[in-house]
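Contents: one structure, followed by commentary.
Protein chains: 2
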Amino acid sequence: MLDIMDASEQRPRIAFFGLGKMGEPMARNLLRAGFETSVWNRSRPAAERLREAGAQLLGDPAEAADADVVIAMLPDLPQIEELLAPLIVRWGGAPVARPRTLVVMSTVSPAAVVRFGARLEGLAELIDAPVSGGTEGAEQGTLAIMAGGSEAAFQRVKQVFDAMGRAQRLGGLGAGSLAKACNQVLVGLTAAALAEAVVVAERSGLDGQQLLEVLSGGLADSAVLRQIGPRIAARDFRVRGAAQFMLKDLGFFLDAAEQSGTDAALSRAARDRYAALVEQGLGGQDLAVVRTVVEGRE
Amino acid sequence: MLDIMDASEQRPRIAFFGLGKMGEPMARNLLRAGFETSVWNRSRPAAERLREAGAQLLGDPAEAADADVVIAMLPDLPQIEELLAPLIVRWGGAPVARPRTLVVMSTVSPAAVVRFGARLEGLAELIDAPVSGGTEGAEQGTLAIMAGGSEAAFQRVKQVFDAMGRAQRLGGLGAGSLAKACNQVLVGLTAAALAEAVVVAERSGLDGQQLLEVLSGGLADSAVLRQIGPRIAARDFRVRGAAQFMLKDLGFFLDAAEQSGTDAALSRAARDRYAALVEQGLGGQDLAVVRTVVEGRE
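Going down the list, the sequences are from chains F and X.
Each residue of the first sequence is one higher than the one before, starting from 0 at the first, in numbering that gives the first Met the number 0.
Each residue of the second sequence is one higher than the one before, starting from 0 at the first, in numbering that gives the first Met the number 0.
Written out as structure tokens, the structure is:
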């Protein structure tokens, strides 16, 4: 009890891995909030920018061994496990003086993150905490953070989350990743449904943008309609969120559906759409490119 | 030119058919706006209420022959064509003194309404103008009205639409019905996607309502999530909008998709969901009952 109180009262030392479009502003907000933060990044420029903002640079992942909270914001779990392997070895050789918490904020497989947590037992406690809100939410510190893990671990890192957005704990380890997968099901299905509606409407003589404007006035309104819809109608496929990630995320959801014995027929149909898109070499373009698959030509 | 100006300057006389949950408040708003309005309804009580509000009662549909604007708000087009047959016969026997406009505000097949318009040629001009916004929008006169037809006919009835909501003309006859079908694709797909997300999340140990709350904070947010989502999570299937209408409406969209040579795979998958639901005898319950099909039991 005393240990936990001590840990929550003093400011945890943070090590942050992955300074991409999301990670860099997230780490910057930790520095702004006054956390002692060390950072690691594959390429140098982002790390240098953070150093100027007050961060220490880590030369080797194992140097994060003294951090209380290690945050990973890398593309997927396999990269995280590989990169942090030296750190985990170092943890294994040193007794746990204070609670160590590893926070995976990437969008990862709920099942895989549970397995990773089991491998870390006795070395560090794992929390999965993927985010929604895009680069804007990352910069403004208003991310929706969907967390899974023990209540004690969540409370230890709560003040760290507060510097980046609004965190909610949805259950044990994996619950955050499953919630994020559900988020992606809704985003991916809505974008694909909008593509079907716009293509059929335009081929029938209607104006796609005018259709979206009318639809936004009623029950069909959604954040996807307002943010991605206009790009679908305008055939603007410059990347804000690459379509290939949707394929990965829908796969995570379908694995969870299968494990729970649920026939998620619509999510499967959406997955097929995005798989076709990636096969056609369009995965690096914006999610709006799903329009192209509906049109049946490149 | 003079004829059109005359027609738009004087207040059209209206005949309104179908005083259901939507039609009654719509007709009431026409009376409030000062239009001379006669009404017809299958059952008596709603017609009596409108008479007290100032409407004339029609004993027979053919008595609407002198109206400038005939509005039909009946369940589907076949009922409209059958009910209005005596009126159309009467129109055929009388010369057109002033422009006659028939406005179909029900959700109907885009292709069928075009065929109906052709049959009326020389007798009356047809406009399709389905609505979105529910009974609340009907009562408050804030319906989104999606219209199709000639610009001249639209301008003749514009002041009538203004008493019921906000009208936009999306193109020629059938365009309004196609826009409404697109609306239903988004509503139906989003509701079914929410059902898949909530069922998988709950079976994996998450709380459905908490999941919806988290999702509403990001790109997965939508009017369907906020209005129908909580009913899906709470298994509250008391009818606000009966699920069987969704099956009909998705069929209209899929017909248009086929006619335009578009493979609308997701809309087809959604249609299969609602078809299964109707087959199980659940069509009279609320749209939220799509959860039951995802669960694979009644």
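Positions of the beta carbon are idealized from the N, C-alpha and C atoms, including for glycine.
Since the model is a prediction, treat every value here as computed from it, not as a measurement.
Around G204 (chain F), the beta-carbon contacts reaching into chain X at under 8 Å are G170, G171 and A174. Cβ proximity to chain F below 9 Å picks out L185, V186, G187, L188, T189, A191, A192, L193, A194, E195, A196, V197, V198, V199, A200, E201, R202 and S203 from the region 185-203 of chain X.
With 16 or more neighbouring CB atoms inside 10 Å of its own CB, P109 (chain F) falls in the buried class. Neighbours of V102 (chain X) across chain F, judged by C-beta separation under 9 Å, do not exist; the nearest C-beta is about 17 Å away. In this structure, L82 (chain X) sits near L73 (chain X), with a CB-CB distance shorter than 8 Å.
For a cut-off of 8 Å, the C-beta gap from A71 (chain X) to G17 (chain X) is around 6 Å, short enough to register as a contact. Counting only Cβ-Cβ distances below 7 Å, M145 (chain F) has contacts in chain X at V213, in chain order. Per DSSP, R97 (chain F) lies in no beta strand (DSSP E) and is assigned neither H nor E.
Interface flag for G116 (chain X) against chain F is unset, since no Cβ pair is found closer than 8 Å.
Residue-level contact by beta carbon holds for F252 (chain F) and chain X, with a gap shorter than 8 Å.
For N28 (chain X), no Cβ of chain F is located within less than 8 Å of the residue's own Cβ. Distance between D248 (chain X) and A191 (chain F), taken at the CA atoms: about 18 Å. Residue pairing for M145 (chain X): DSSP places it in a beta bridge opposite X:Q167. Within the model, the alpha-carbon separation for V197 (chain X) versus V293 (chain F) is close to 27 Å. Within its own chain, the residues whose Cβ lies closer than 8 Å to the Cβ of A64 (chain X), once the five positions on either side in sequence are excluded, are L86, R89, W90 and A93, listed in chain order.
Here the region 223-242 of chain X makes no contact with the region 203-213 of chain F; the two share fewer than three CB pairs at distances below 8 Å. Think of a sphere of 7 Å around the beta carbon of L249 (chain F): no beta carbon from chain X falls inside it, the nearest being about 11 Å out. By the Cβ neighbour-count rule, V95 (chain F) is exposed, with fewer than 16 other Cβ atoms within 10 Å of its own. Neighbours of T261 (chain F) across chain X, judged by C-beta separation under 9 Å: E195, V198, V199, R202, V293, E294 and G295. S221 (chain X) places its beta carbon less than 8 Å from that of T189 (chain F). A residue is called buried once 16 or more other Cβ atoms fall within 10 Å of its Cβ, and G283 (chain F), having fewer, is exposed. Taking a C-beta cut-off of 7 Å against chain F, the contacting residues of the region 123-148 of chain X are S131, G132, A143 and M145, listed in chain order. Judged by DSSP in its simplified three-state form, L73 (chain F) adopts coil rather than helix or strand. Pairing A143 (chain X) with R165 (chain X) gives a Cβ-Cβ distance under 8 Å. About 6 Å separates the beta carbon of L210 (chain F) from that of A178 (chain X), a gap short enough to meet the 8 Å contact definition. The beta carbon of L281 (chain X) lies closer than 7 Å to those of A242, V288 and T291 in the same chain, with the five residues before and after it left out. Runs of the beta strand (DSSP E) lying entirely within the region 9-83 of chain X, each at least 3 residues long, are 13-16, 36-39 and 68-71 in chain order.
Considering only F:T106, F:Q9 and F:V113, the residue with the shortest C-alpha distance to E35 (chain F) is F:Q9.
Counting along the chain, no alpha helix (DSSP H) covers L125 (chain X); the unbroken beta strand (DSSP E) around it starts and ends at E124 to D127. Under the 8 Å criterion on CB atoms, S221 (chain X) is classed as interfacial with respect to chain F. Rounded to whole angstroms, the Cβ separation of F251 (chain F) and A180 (chain F) is 4 Å, and the two are in contact under 8 Å. The residues L246, in chain order, have a CB closer than 7 Å to that of A274 (chain X) in the same chain once the five nearest residues on each side in sequence are set aside. Rounded to whole angstroms, the gap between the alpha carbons of A232 (chain F) and R155 (chain X) is 31 Å. For N40 (chain F), the closest Cβ of chain X is not nearer than 8 Å. Pairing R234 (chain F) with V199 (chain F), the inter-Cα distance amounts to about 14 Å. With respect to the C-alpha of L125 (chain X), the residue from X:R230, X:A45, X:S176 and X:Q55 having the closest C-alpha is X:S176.
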